Structure formats: structure tokens, C-alpha cells
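Right, one structure below, let's go through it.
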Amino acid sequence: MSFLGKILGKKESPIESYSDFWNWFLKHEKEFFKVVQKGDNIHTDFFDKMHPKLNEVHDGFYYLTGMFDDQTAELILTADGTIKNIYAIEELVNAAPKIDGWKFTALKPASNIEDVAITYENLEFNSENLKFYPNLHKNYPDEIDLTVVYDDFTEDKKATVTNGVYIFLDNFLGELHSVTLIDNLNVIGNGDVSQELIPIGKLKDYLVWREKEFVEKYEGVRHNTENDSYASFKAEKEDGGLILAIINTEILEWDKKASHPWVVTVEIVFDKNNSNSMPDKKTYQLLDKIED
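Heads up: the sequence shown begins at 13 in the numbering used here, then just goes up one per residue.
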């Protein structure tokens, strides 16, 4: 190593994959464990070192840490409400090696209501000042539409209060359930209440009951479509680009009603620098994997 290299230290390799990140973490895990175990300077001695490395993998990750038990430190990676980052966090945690003394968790887990109290922007959110009631829709009975009532709500702080409620629900319900079970959420104050209030601590039981009710009352459920009939349609745009559509014609004739008023759209960008503007081999393989 050169004289300057000895002074400045060897430059670390860039993080280009999940395995690169975990290899870097392995080099420092004993040092990080001692920091978490001691409980002092966690931000400067752990988070500030890990943050830029995580950003090299994927930006928008957040994290929590603490001692899971006397011998185990836990690192929780969270999307903090950004749904598009959930899959990346799950992939990163699934790629984690087994490290003695460490537990890695994807997304905030659920907590008991008595253990959840959030301070956000100098506002307190807890089981005492939060209630809720459901908004039922005749045309879409499966939709989970909730109104949450915050005792100290003011219109000028609606955005802040709404963010605080979402953070509270992430910690109470668990991050994944919070974003996947609730279709719509509105936050109001006591002056706008139109229905009987339910303690926020009963929200978990309510969601379990609604989910169970959905499954029991479905008149028809379709899981496998591999034997269905499909039709293909082709069109050409003014610029010469192709539009292809594959439609399940059997499901169009299904005599049941969809449970939700929305569909999921997935956009996949691929290199179309070939003669027919069709996906390349790598994209075809990805499409097959998604379909499976």
C-alpha cells in the first residue's frame, strides 16, 4: 500500500448487489452489535455508517434497531409508508446471511396496542386519542374504507396528523398489513363524526373479521386460469409501434362481481432496439416468471 493509502485508508468497494451489502455488513457486524448492545451513539456509530451503503443498494430505506434479547440485536428495515420499496426490503432481508447475534426483519412487525405511542411533529398518537369507524359501500362491500378520528385534529394540521396516524397504524397493525388491508383512510376531528366511534385498539379484530367475512361470502373465487381461453389482439400506432393485448375471454363472461373497484397496472421497460419492437429474451423470461 502506498504512503497516501496508509494515511487515507483503502477505499471500500462500491455496493452493487444485496450480497455486496451483506458482505460489507459482515465485516462490521461485531462493532455494530456492541453499539446496539450499549445503546449509546447508535445514530453516529451505526446508522450513519450503514445509511450510505443501503442507499447504494436502494434509496428510501429506513431502519430501527434494538436488542431482541440479551444475546441478539435486531435490525428492522422499513419502507416507512412507501409501498414501492416493500418488495426491495423483503428481497434484501431474504438475502441476508445467518449471523450469530443478529436478527434481520423486513418491515415493522405488529405490536400490542398498549405498547404503541407515537410522537410525530410534537403531536402524540395513542390508544386514548384515536378512534375509528368504517364506511361501508353497497356496490363494493369488500372495500376497507376507514375514518380515523383524532381528538386534537385541526384543519391546518391535517397533513401532519394524517402522517402521524399512518405511522401509528404501521406500528400497531404491522407495516405490511397496514398498507395491504386498508383500501382508503380519512382522518378527521371530533366535530365531523357521523357514526358511532370504535376504540382504535379494536381495529385489528375488526380487520380480521372483515377479511374472514369476505372469504365466507364470496359466491365465486377464481384461482387457476391456466385452462382458460385467451384471445390476442394486435394494432399499430401512428409512429409504427406495436400494441399487443392478450385477453382472458372466459373471465370476461364470469357472472360474478369483482370485489374491488380497481386493477393493478404493471409497467415493464425493456430494450426494443430490434426489428420488431418486441421484448428481448431477458424480458420474456421475466414476464413468464411474473405470470407463474
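Cβ coordinates follow ideal geometry from the N, Cα and C atoms, glycine included.
Remember, it's a predicted structure, so these values are computed and weren't measured experimentally.
Expected contact under 8 Å - CB spacing of residue i and residue j to nearest Å
{"i": "Glu262", "j": "Ser241", "result": "5 Å"}
{"i": "Ile259", "j": "Ala243", "result": "5 Å"}
{"i": "Phe80", "j": "Lys115", "result": "5 Å"}
{"i": "Phe33", "j": "Phe44", "result": "Between Phe44 and Phe33 the Cβ distance is about 13 Å, and since that is not below 8 Å, they are no contact."}
{"i": "Asn305", "j": "Thr159", "result": "Coverage of the chain is limited to positions 13 through 304, which leaves residue 305 absent and any answer about it impossible."}
{"i": "Thr84", "j": "Gly113", "result": "6 Å"}
{"i": "Ile200", "j": "Phe226", "result": "Not really, about 26 Å apart at Cβ, beyond 8 Å."}
{"i": "Tyr30", "j": "Leu87", "result": "Not a contact, Cβ separation roughly 14 Å."}
For residue j and residue i, the rounded distance between their alpha carbons
{"i": "Lys344", "j": "Lys120", "result": "Residue 344 is absent from the structure shown; the chain starts at 13 and stops at 304."}
{"i": "Asp251", "j": "Ile194", "result": "42 Å"}
{"i": "Asp154", "j": "Gln297", "result": "34 Å"}
{"i": "Ser14", "j": "Glu24", "result": "Its pLDDT being 49, under 50, Ser14 is placed unreliably in this model, and the value from its coordinates should be taken loosely. So the alpha carbons of these two residues sit roughly 16 Å apart."}
{"i": "Ala122", "j": "Val128", "result": "10 Å"}
{"i": "Pro109", "j": "Ala118", "result": "14 Å"}
{"i": "Asn134", "j": "Ile212", "result": "21 Å"}
{"i": "Trp221", "j": "Pro26", "result": "48 Å"}
{"i": "Val205", "j": "Val278", "result": "38 Å"}
{"i": "Lys169", "j": "Asn67", "result": "31 Å"}
{"i": "Met290", "j": "Asp304", "result": "20 Å"}
{"i": "Asp82", "j": "Lys293", "result": "50 Å"}
{"i": "Leu16", "j": "Ala91", "result": "Any reading at Leu16 needs caution, since the residue's pLDDT is 47, under 50, leaving its predicted position unreliable; the model's value is listed next. Approximately 40 Å, taken between the alpha carbons."}
{"i": "Asp157", "j": "Trp36", "result": "44 Å"}
{"i": "Leu20", "j": "Thr56", "result": "Any reading at Leu20 needs caution, since the residue's pLDDT is 48, under 50, leaving its predicted position unreliable; the model's value is listed next. Using only the alpha carbons, I get a separation of about 20 Å."}
{"i": "Val161", "j": "Asp267", "result": "39 Å"}
{"i": "Ile210", "j": "Lys143", "result": "5 Å"}
{"i": "Phe245", "j": "Leu264", "result": "15 Å"}
{"i": "Met62", "j": "Glu28", "result": "15 Å"}
Those residues which DSSP pairs with residue i across a bridge
{"i": "Tyr242", "result": "Asn260"}
{"i": "Thr117", "result": "Ile88"}
{"i": "Ile210", "result": "Phe144"}
{"i": "Ala247", "result": "Ile255"}
Legend entry - Segment contact, 8 Å Cβ cut-off, at least three pairs: the region 90-103 with the region 64-77: Three or more beta-carbon pairs separated by less than 8 Å link the region 90-103 to the region 64-77, which places the two stretches in contact.
Inset, instruction - Could you tell me which uninterrupted beta strand (DSSP E) segments, each at least 3 residues in length, are contained entirely in the region 125-186, listed from first to last along the chain? - result: If we require 3 residues or more, the beta strand (DSSP E) runs fully inside the region 125-186 come out as 130-132, 135-137, 142-146, 157-162.
Legend entry - Cβ contact (3+ pairs, closer than 8 Å) linking the region 172-186 and the region 243-257: In short, these stretches do not touch, since the Cβ pair count stays below three.
Legend entry - Inside the region 38-108 only - beta strand (DSSP E) runs reaching at least 3 residues: If one requires a minimum length of 3 residues, the beta strand (DSSP E) runs lying completely within the region 38-108 are 74-81, 84-90, in chain order.
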